[in-house]
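One line per chain: the protein sequences are A and B, in this order. The opening residue of the first sequence carries number 1 in our numbering; numbering runs sequentially from there. The opening residue of the second sequence carries number 375 in our numbering; numbering runs sequentially from there. Even for Gly, the Cβ is constructed at its ideal location relative to N, Cα and C. Structure first, commentary second.
Protein chains: 2
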Amino acid sequence: MTKQAETLAHNPTQGRKRAARRSNAAPTITDVAREAQCSPMTVSRVINGEENVREDTKQKVLGAIAKLNYVPNRAARSLAAGSQLRIALLFDNPSASYLSEFLMGALEEASRQDIYLVVQACENVAEAQKVIRKLLDGGIEGYILPPPLCDDQNVLDLIRTAGGIAVAVGPGRASGSHGAVLIDEFQAAYDMTKHIIGLGHERIGFIIGNPEQVASGQRLEGYRKAMGDAGLSIDEGLIAQGQFTYRSGMVAAEKLLGAAHRPTAIFASNDDMAAATVAMAHRRHLDVPNDVTVCGFDDTELASSIWPELTTIRQPIREMTAEAVAMIARVHKHKPRGGRAKPEQLTLAYQLIRRNSDAGPSLAASFSKPPGSP
Amino acid sequence: MTKQAETLAHNPTQGRKRAARRSNAAPTITDVAREAQCSPMTVSRVINGEENVREDTKQKVLGAIAKLNYVPNRAARSLAAGSQLRIALLFDNPSASYLSEFLMGALEEASRQDIYLVVQACENVAEAQKVIRKLLDGGIEGYILPPPLCDDQNVLDLIRTAGGIAVAVGPGRASGSHGAVLIDEFQAAYDMTKHIIGLGHERIGFIIGNPEQVASGQRLEGYRKAMGDAGLSIDEGLIAQGQFTYRSGMVAAEKLLGAAHRPTAIFASNDDMAAATVAMAHRRHLDVPNDVTVCGFDDTELASSIWPELTTIRQPIREMTAEAVAMIARVHKHKPRGGRAKPEQLTLAYQLIRRNSDAGPSLAASFSKPPGSP
DNA sequence: CCTGTTTGTGGTAGCGCTACCATGATGAGA
DNA sequence: TCTCATCATGGTAGCGCTACCACAAACAGG
């Protein structure tokens, strides 16, 4: 322990009683109150959207806020509000690109609302339960669960029973017993399939996602329904099982593209598998999109970093996770002491993003030559 | 409306008329002080690692902290500390996978230290300067700059002159005039090249990164030096220019793999281009790694989501950005009012990650048949 | 008219921590 | 011995905001 005499950098200002603590003159709630000619309390009420404020008072306050360019101090807010909300984000090996989007959304929102976020990886559902029990003991209030954890009712029940707030992000369907933020997986897959059909394809392959995730089934159903609605028969040989990983996508694509009568388009249940499909197609000297159309799902960063860039369904993962955090904060705030909170549910819009991996079937391809022939 | 008189038979002198605000009994600095039999101030000093605390007192405090499982309240801390530090993170189109790691590190650390983080995209250096001027006006104190922005001395000077704190993350070399967090790019490229040589390769191709970034040149130099040290001559036809994008990697790989006397190994300056090289190799029916070894740089998530997974240099991007945030916080804290701060510099360790995209040259390949022949 | 109830607003006391003194104890120098 | 610097520690006053209560004004019902 080096004794340091370098305290000399310190400056003993002995003059005035006490130096002002505030260095930068960012406006405070008091400044706004003065400007609006009311009390800080009233300003606080306006900021927090409380009921009992007269309309004209509210307008004056809003005007003052705008004029002073006031932004509430987060630290002060959460300090005054008392308890610091703590949320755990658990995950059990979703695809890496999905995860990074996922984390980003959560971190951003948690940072914005000054929420403490614990990120925890679990090997499987059993381990997740152990971890959750520990976190519950530690007093963590909120839990964010991506698939496949959010598809396990036991996990959800465990949290609910202990009085925690669970929000599923991107589950296949919402169970109603807990919070959820999701997109209409079925409809999205339906739309994409319809889009591919609209390009003129008839032999459309499909790569299923991880069977543990309910969403995988929903996407498959969307595909089936769209095919049926278009009067196209489904060749079960054109449906391959994947696991959402790149590697599994290669295997599935190999099967589909190697078939005697190969599809002219392949719709993979996520971008990782779609990217793998593109790679396999290239390996077989098939051009994407001219020989095979390949479409993905999720619109992770991978979709636009490979070439050709993938036509895919944009799932707003970041917003979804951010909303999940916000939802927990909201529910937590309104939750009665010791009581149970009413779960909310939120369905966000997806979007079909068209890039360069799809096209109409080429004449040659529609004759379905064996791969590799000139 | 409970009148005070009936609420309490306790204390007529206004003593305890208010309900406790704290709901959960998380230990506070006062609890620790009581346990350690000293004042809260002393505890605060220990927490903040200040000098003037006797060793035995410090130990008592640390013991109390451990015993109570005390964690300082972030909100209270930054509120009491006065100014909320604000940091801007600017970027000008680095690769997407790099960016996501980058953001993650910054967000995490900012969240931990309760720092307000502004994330801003800029089209080019000119726009960056405009943006920075605006942010400086807005009183943003810290600036985090990834390449290529951190390689532009004008940008750095602009911030320094205005009294801001700039930290470059991953610049080719540190200029000394500003903070920097980096790895030894030259040495890393040298090591990787040597690794490839060690596998038995002699014709080793190289794909250069975006020429705007100083690091690109450093990596090239590392390659050149390693080749020279091993007594291998460099065929300039085996060096191709890329831009760090997947697309540019495809073009470069096409050139290298299409050459009459193609390389048996290709070292790409980042993972995106390496992934593209793998794709191009597959397209030419070359197996990776048996026909061509392909190595990348950065170890972004892409490296391990394709197949085969890439042997690459792990650059700890997340830690680097986190360190950059911490560095700004540190420098800001010690900076004299209105004065200029002393820039710090930090070099982190890189790591060669060996995965499945490298192997010794095959007998066939070492004869360098034209591609495609049996 | 007196009692309640509702509504809008203000006052005050913290939330948990740290900046800034003040102070008593030690040691160094006169 | 008596200064005066230095150290180790304590006390106090906020940081900016919100929970909680108080209270006056406006209305309701008796």
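By the Cβ criterion, the stretch 652-664 of chain B is in contact with the stretch 281-292 of chain A, since at least three pairs of Cβ atoms, one from each stretch, lie closer than 8 Å. Note on A:Thr277: 16 or more other CB atoms within 10 angstroms of its CB, so buried under the neighbour-count rule.
Contact of A:Glu123 with chain B by beta-carbon distance below 9 Å is absent, the smallest such distance being about 18 Å. Taking a C-beta distance under 8 Å as the contact criterion, B:Ala639 and B:Gly670 do not qualify as a contact pair. For the pair B:Ile506 and B:Tyr490, the CB atoms are not nearer than the 8 Å cut-off.
By the Cβ test, the stretch 120-130 of chain A is not in contact with the stretch 494-506 of chain B, since fewer than three Cβ pairs between them sit closer than 8 Å.
Annotation for B:Ala614: the continuous beta strand (DSSP E) segment containing it runs Ile613 to Gln615.
Residues of chain B with a Cβ closer than 8 Å to the Cβ of A:Tyr246 are, in chain order, Ser679, Ile680 and Trp681.
As far as DSSP is concerned, B:Ile680 takes part in no beta bridge. If you draw a straight line from the Cα of A:Ala326 to the Cα of B:Leu473, it comes to about 25 Å. Contact between the stretch 251-260 of chain A and the stretch 180-193 of chain A is not established, with fewer than three Cβ pairs separated by less than 8 Å. For A:Ile140, the CB contacts under 6 Å within the same chain, skipping 5 residues up- and downstream, are Arg86 and Ala88 in chain order. If you draw a 10 Å sphere on the C-beta of A:Ala168, you find 16 or more other C-beta atoms in it, and that means buried. By the criterion of at least three beta-carbon pairs nearer than 8 Å, the stretch 527-535 of chain B is not in contact with the stretch 476-492 of chain B. For B:Gly579, DSSP records a beta bridge to B:Ile640. For a cut-off of 8 Å, the C-beta gap from A:Arg318 to A:Glu50 is around 30 Å, too long to register as a contact.
Within chain A, the residues Ser111 have their CB atoms less than 8 Å from the CB of B:Leu491, given in chain order. Chain-ordered, the chain A residues with CB closer than 7 Å to the CB of B:Asp646 read Ser305.
Counting every other CB atom within 10 Å of its CB across the protein chains shown gives A:Thr311 a total of 16 or more, marking it as buried. Ranked by how close their Cα comes to the Cα of B:Tyr724, the residues B:Val435, B:His708, B:Ala733 and B:Ile687 have B:Ile687 in first place.
Annotated as distal: A:Gly249 and A:Met227, with beta-carbon spacing of 8 Å or more.
Contact note: B:Gln458 reaches chain A through Asn73 and Ala75, using a C-beta cutoff of 7 Å and chain order. Contact between the stretch 430-445 of chain B and the stretch 33-51 of chain A is absent: fewer than 3 CB-CB pairs across the two stretches fall below 8 Å.
Annotated three-state conformation of B:Phe618 is coil, per DSSP. A:Ile196 is positioned such that its CB atom lies closer than 8 Å to that of A:Ile204. When the alpha-carbon of A:Ile234 is set against those of A:Arg224, A:Gln243 and A:Ala240, the nearest one is in A:Arg224.
Between the C-alpha atoms of B:Gly537 and A:Leu302 there is a straight-line separation of about 39 Å.
At a cut-off of 8 Å between beta-carbon atoms, B:Ala653 makes contact with chain A. If you draw a straight line from the Cα of B:Val625 to the Cα of B:Gln617, it is about 10 Å long. Beta-bridge partners assigned by DSSP to A:Gln351: A:Arg314.
DSSP, read as helix, strand or coil, puts A:Ile196 in helix. For the options B:Ser731, B:Leu722 and B:Ala733, the alpha carbon positioned closest to that of B:Gly544 is the one of B:Leu722. Listed as beta-bridge partners of A:Ile87 by DSSP are A:Leu117 and A:Gly142.
Nearest Cα to B:Leu573 within the set B:Gly611, B:Gln561, B:Ser731 and B:Val529: B:Ser731. Taking 8 Å as the CB threshold, A:His282 lines the interface with chain B.
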